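321 is the number that UniProt numbering gives to position 321 of the sequence shown; each next residue is one higher, with no gaps.
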Amino acid sequence: MTSENRNMIVAIVMSMAVLIAWQFFSGVPQMEQQRQQAAQQQAAQQAGAPGQAGTEAGSQAPAPGTAAPTATGTAPRAMTRAEALARTPRIAIETPSVIGSIALRGGRIDDLSLKGYHETVDNSSPIIVLLSPSGGPNPFYAEFGWVPGAGATVAVPAGDTLWTAPEGARLTPETPVLLTWDNGAGLTYRRTLSIDANYMFHVLDEVENTTAEPIALHPYALVSRHGTPHTLGYYILHEGLIGVTSEGGLHEIKYHDIAETRSQTFPSVGGWLGITDKYWAATIIPGSEEKVQARFSAAQTGNDLTYQTDFLGDAVTVAPGAKASTDGRLFAGAKVVQLVDSYQAQYNIDRFDLLIDWGWFYFITKPLFLVIDWIYRFVGNFGVAILVVTVLLKGIFFPLANKSYASMAKMKAVQPEIASLRERFGDDRVKLQQEMMAIYKKEKINPVAGCLPILIQIPVFFALYKVLFVTIEMRHAPFFGWIRDLSAPDPTTIFNLFGLIPWNPASVPVIGAFLMLGVWPIIMGITMWAQMKLNPAPPDPTQKMIFDWMPLVFTFMLASFASGLVIYWAWNNTLSVIQQSIIMRKHGVKIELWDNVKSVFVRKKKPSAG
1 MTSENRNMIV AIVMSMAVLI AWQFFSGVPQ MEQQRQQAAQ QQAAQQAGAP
51 GQAGTEAGSQ APAPGTAAPT ATGTAPRAMT RAEALARTPR IAIETPSVIG
101 SIALRGGRID DLSLKGYHET VDNSSPIIVL LSPSGGPNPF YAEFGWVPGA
151 GATVAVPAGD TLWTAPEGAR LTPETPVLLT WDNGAGLTYR RTLSIDANYM
201 FHVLDEVENT TAEPIALHPY ALVSRHGTPH TLGYYILHEG LIGVTSEGGL
251 HEIKYHDIAE TRSQTFPSVG GWLGITDKYW AATIIPGSEE KVQARFSAAQ
301 TGNDLTYQTD FLGDAVTVAP GAKASTDGRL FAGAKVVQLV DSYQAQYNID
351 RFDLLIDWGW FYFITKPLFL VIDWIYRFVG NFGVAILVVT VLLKGIFFPL
401 ANKSYASMAK MKAVQPEIAS LRERFGDDRV KLQQEMMAIY KKEKINPVAG
451 CLPILIQIPV FFALYKVLFV TIEMRHAPFF GWIRDLSAPD PTTIFNLFGL
501 IPWNPASVPV IGAFLMLGVW PIIMGITMWA QMKLNPAPPD PTQKMIFDWM
551 PLVFTFMLAS FASGLVIYWA WNNTLSVIQQ SIIMRKHGVK IELWDNVKSV
601 FVRKKKPSAG
């Protein structure tokens, strides 16, 4: 076996290893996600389908002096969402952004759907349901209230307390709602709820003491989620419990982690905490100067775990004949960047923008999104905005690329000398390297300059990947033609002739994910191949083999990436080919593109014997 054949086999094996690894870490989670979504949609469409099995837990209000959550009774949980909603009188919620209701029993905000977002790219699909009541499938709700001081036996509102409200009350941005409850022992509780046009609730809790003794009460708020929700499972995305405290900074706690530790508590002044999905979240927010104990916890309730974030404020003493009040906020909705940033500024919420998972490269990712979003306001298409940003980035990095391509041109000019050195020194690799470095030093050539254009775009590539992956603005954002969602992979595939054959290649076991090779990944592969062929062929056979196979490997790897990222890569490659051609022509270097392309299809003549 020749060394070239051996190199080819090694290259093929390495390429297959990369593809298999990518399938395991990316393709399999995506296929599982699709399977789960399909199962959930099918279950939702079945009328009268039962909810999750198990038991219902009431609110787990924190109590002073204890870190353990307290369940308040059990009830069968095998009922539909509609049945769970009908169990208690309700006050309707309606804004331009949300629709739902507040349960008068418990005073919980436990029914909320997002008007502007659908389950699929089809606008006729159901809107997103964020909060759901206890007793039905996937309970997820927020609760505010009071707990008595340690050792006190004061009656306070609980999860089964039936509040009263004015007849016909309806919560809208223009009409707050007042709830009242008298404990029958001299304390009257009032709760005023208001909401803006988007996703921010304001909850003002008041208590009036008509007894002859002072009363000490602690305000609290919680977000509770019953059962472990399905998550995408990506390392670069946080889904689970989240918050910012003044003592601990940003907390991102996975469901499986809090299931092991069961409880984590942090003192804080202000801050916020809650539970987040990829695009949606519910978070409770105390006053910016309020001292609280912030807690992340998990507890066994029936067959499931209940996950909770809550805060407990310092005791408020209500003198006889006096009143006391406390207020907090609940954000429950879509993590729209501009909206989250505006809430942070408006209510002085500490680092609330970290509710969106910008990642370690926050300093690149968020500014990149802001630029794309700003351009979008002019062009009206996020795909076009990405193309424009790519041009801007090319302009920013032009001086560096110019030096890089100029150095590559010089390297091409000395190729005859390098070839001569290879003939002279043969297998003496040390001497060959010394002589080559001497030539590079004499001609002022940086041998790694050709890598710089690729290296500088890696952080940008990752940041754009993050932007497309985590920002809700990119969700279901169309481009042109068949690309209706820039955050999803290209839905076409060459293996059914781009839809002409009524067959879904993804249904093929094991290799189905590899067969979803759409138009844009193919375009990206072609542009990457053209960029490789623009440069002189590497003299080393192994390097040449790697470069020859790299476009094909990347074509299959990026096929499962967000189509917006693939479009960016294809456009970036195209601009690089144009830019490099202009710079090489400027330096008087022959452009090798067509010669290298032709060499792929034209066989070299074998030397005649003798």
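Every residue gets a Cβ at the ideal spot worked out from N, C-alpha and C, and that includes glycine. Predicted model only: the values in this text are computed from it and were never measured.
Alpha carbon to alpha carbon, how far is residue i from residue j?
i: V269; j: H218; result: 15 Å
i: Q33; j: H118; result: With a pLDDT of 48 at Q33, under the threshold of 50, the predicted position of this residue should be treated as unreliable, though the coordinate-derived value follows. Those two C-alpha atoms are separated by around 17 Å.
i: K466; j: I364; result: 10 Å
i: G186; j: N209; result: 6 Å
i: N303; j: S134; result: 15 Å
i: L354; j: R585; result: 47 Å
i: S132; j: I91; result: 15 Å
i: D256; j: G481; result: Note that residue 256 is His in the sequence shown, not Asp. So the alpha carbons of these two residues sit roughly 41 Å apart.
i: S59; j: I458; result: Only weak support exists for where S59 lies, its pLDDT of 49 falling under 50; the value from the coordinates is given anyway. The alpha-carbon atoms of S59 and I458 are separated by roughly 47 Å.
i: M200; j: Y189; result: 23 Å
i: F495; j: L558; result: 16 Å
i: P29; j: D485; result: Here the model assigns P29 a pLDDT of 47, short of 50, so the residue's position is not dependable, and the following value carries that caveat. If I take the Cα positions, the gap works out to 19 Å.
i: I583; j: I396; result: 16 Å
i: T180; j: E167; result: 13 Å
i: V316; j: R191; result: 16 Å
i: F425; j: E417; result: 12 Å
i: P139; j: Y307; result: 11 Å
i: A68; j: G116; result: Low per-residue confidence applies at A68: pLDDT is 33, beneath 50, and the placement is therefore not dependable, though the value from the model is reported in the following sentence. Each residue's Cα considered, the two are about 38 Å apart.
i: S407; j: P367; result: 31 Å
i: A57; j: M79; result: Per-residue confidence for A57 stands at a pLDDT of 42, beneath the threshold of 50, marking its modelled position as unreliable; no derived number is given.
i: T70; j: G151; result: Low per-residue confidence applies at T70: pLDDT is 40, beneath 50, and the placement is therefore not dependable enough to give any value.
i: A43; j: G184; result: Caution is warranted here: a pLDDT of 40 is assigned to A43, below 50, making its placement in the model unreliable, and the coordinate value is therefore given only provisionally. Rounded to the nearest angstrom, the two C-alpha atoms are 45 Å apart.
i: L171; j: I253; result: 33 Å
i: L19; j: N348; result: Bear in mind that a pLDDT of 43 at L19, under 50, signals an unreliable position, so the model cannot answer this.
i: I128; j: A221; result: 24 Å
i: Y568; j: Q579; result: 16 Å
With residue i as the anchor, note down where its alpha helix (DSSP H) starts and where it stops.
i: W280; result: From DSSP, W280 is part of no alpha helix (DSSP H) but of the beta strand (DSSP E) over 280 to 285.
i: M545; result: 541 to 558
i: R108; result: From DSSP, R108 is part of no alpha helix (DSSP H); its letter is neither H nor E.
i: H256; result: 255 to 261
i: I372; result: 362 to 379
i: G395; result: 382 to 396
i: L421; result: 415 to 425
i: V244; result: V244 -> not in any alpha helix (DSSP H); beta strand (DSSP E) instead, spanning 240 to 245.
i: D182; result: Careful: D182 lies outside any alpha helix (DSSP H), inside the beta strand (DSSP E) at 177 to 182.
i: L339; result: 337 to 347
i: L85; result: 81 to 85
If residue i and residue j are in contact, beta carbons under 8 Å, what's the gap, nearest whole angstrom?
i: A319; j: P214; result: 5 Å
i: A212; j: S97; result: Contact doesn't hold; Cβ gap of about 47 Å is too wide.
i: I472; j: Y279; result: 4 Å
i: T283; j: H226; result: Not quite, the Cβ-Cβ distance comes to about 18 Å (not below 8 Å), so this is no contact.
i: P137; j: R81; result: 6 Å
i: H238; j: D357; result: 5 Å
i: V207; j: W272; result: Contact flag wrong, Cβ pair sits at about 24 Å.
i: residue 625; j: F266; result: Residue 625 lies beyond the range of the chain shown here (1 to 610); nothing can be said about it.
i: V203; j: G328; result: 5 Å
With a Cβ-Cβ cutoff of 8 Å, do residue i and residue j count as a contact?
i: V566; j: A530; result: no
i: V337; j: F369; result: yes
i: N573; j: M524; result: yes
i: residue 613; j: T326; result: Look at the range of the chain in this structure, 1 to 610, and you will see that residue 613 is not part of it.
i: A506; j: G512; result: yes
i: L393; j: I109; result: no
i: V292; j: G313; result: yes
i: L241; j: F311; result: no
i: A259; j: L193; result: no
i: R351; j: V244; result: yes
i: R87; j: L162; result: no
i: V371; j: V384; result: no
i: G380; j: S487; result: no
Closer than 7 Å to a non-hydrogen atom of the ligand HEM - does that hold for the CB of residue i?
i: G249; result: Absence of the ligand HEM from the depicted structure is noted, as is the absence of any ligand whatsoever, leaving it without description.
Which residues bound the beta strand (DSSP E) around residue i?
i: E94; result: 90 to 94
i: S194; result: 187 to 195
i: I583; result: Looking at the DSSP string, I583 is not in any beta strand (DSSP E); the run it does join, the alpha helix (DSSP H), is 563 to 586.
i: P148; result: 140 to 148
i: I215; result: 215 to 226
i: S101; result: 98 to 103
i: E208; result: 200 to 209
i: L273; result: 272 to 276
- Message: Please give me, in chain order, every unbroken run of the beta strand (DSSP E) with length at least 3 that falls completely inside the segment 296 to 330.
- Response: 304 to 313, 316 to 318
- What residue ranges within the segment 471 to 549 form continuous alpha helix (DSSP H) runs of no fewer than 4 residues, ordered along the chain? 519 to 534
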